[in-house]
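Quick note: the numbering used here has the sequence shown finishing at residue 1452, numbered continuously throughout. Glycine residues also receive a C-beta, built at the ideal position from the N, C-alpha and C atoms. So the structure is just underneath, and the comments pick up after that.
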Amino acid sequence: MSEAGCVFCAIVAGQTPADLVLETDDLVAFLDQRPVFRGHVLLVPRTHVVTLPDLPGELRDPFLAAAQRLCTAVVEALGAQGSWVSVNNTVSQSVPHLHLHVVPRTKGDGLRGFFWPRQRYDDGERASYAARLRSALD
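Right under this line is the structure:
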């Protein structure tokens, strides 16, 4: 089930290009277009769900298991020392489709508090990051 006009539903449906990192029957993970740090991944359910409280019970375990795998992948594939994982529910939720952020972190990376400075990828760089993460997830 998708929602007309939802950018994440369009990515799930293959109508909007994205650098996919992980796909299951129920979930899709892809690189954020404007990452906090390169390798910043968004995990979404294929079904249009707006907030975490709306996530059907049968998707809770697969959603969290995929998040765990992505946390491991950013360390193994990108050399991060850890990750920052977050979900916004309504407030500060730029796309009204549940999405979990997995942001690679390294001590001294400059991120402080809840200020999320955004970056851009150089040409071809996004595809390289996605490939590295996919490789770590295989």
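Per DSSP, which residues does residue i bridge with? Please list them.
i: S1397; result: P1418
i: V1358; result: V1342
i: L1334; result: F1344
Can you list, in chain order, the residues of its chain with a C-beta nearer than 8 Å to that of residue i? Leave out the 5 residues immediately preceding and following it.
i: T1338; result: P1376, A1380
i: A1441; result: D1333
i: V1335; result: A1343, F1344, L1345, V1355, L1384, A1387, A1444, L1447, R1448, L1451
Looking only at C-alpha atoms, which of the options sits nearest to residue i?
i: G1393; options: R1352, C1323, L1414, I1325; result: R1352
i: Q1433; options: E1317, D1423, Q1347; result: Q1347
i: A1463; options: R1419, V1401, H1411; result: With the chain covering only 1315 through 1452, there is no way to say anything about residue 1463.
i: V1405; options: R1419, D1437, L1366, L1378; result: L1366
i: R1419; options: Q1329, Q1407, E1390; result: E1390
i: Q1382; options: G1319, L1357, D1368; result: L1357
Would you please state the rounded distance, in angstroms, between the beta carbons of residue i and residue j? I believe it to be under 8 Å.
i: L1425; j: V1350; result: 7 Å
i: V1409; j: V1321; result: 6 Å
i: D1340; j: L1373; result: 6 Å
Might you give, ordered along the chain, the residues of its own chain that have their beta carbon closer than 7 Å to the beta carbon of residue i, omitting 5 neighbours on each side?
i: V1417; result: V1350, F1351, H1354, S1397, W1398
i: Y1435; result: R1352
Quick check: the Cα distance between residue i and residue j, rounded to an integer number of angstroms?
i: V1454; j: V1363; result: Residue 1454 is absent from the structure shown; the chain starts at 1315 and stops at 1452.
i: R1360; j: G1422; result: 35 Å
i: E1439; j: N1403; result: 30 Å
i: M1315; j: Q1395; result: 37 Å
i: Q1329; j: E1317; result: 13 Å
i: E1371; j: D1437; result: One detail in the question is off: residue 1371 reads as Gly in this sequence, not Glu. Cα to Cα, G1371 sits roughly 40 Å from D1437.
i: D1368; j: Q1407; result: 14 Å
i: P1331; j: G1319; result: 15 Å
Beta-carbon within less than 6 Å of residue i's beta-carbon, same chain only, minus the 5 sequence neighbours each way: which residues are those?
i: V1326; result: V1342, R1360
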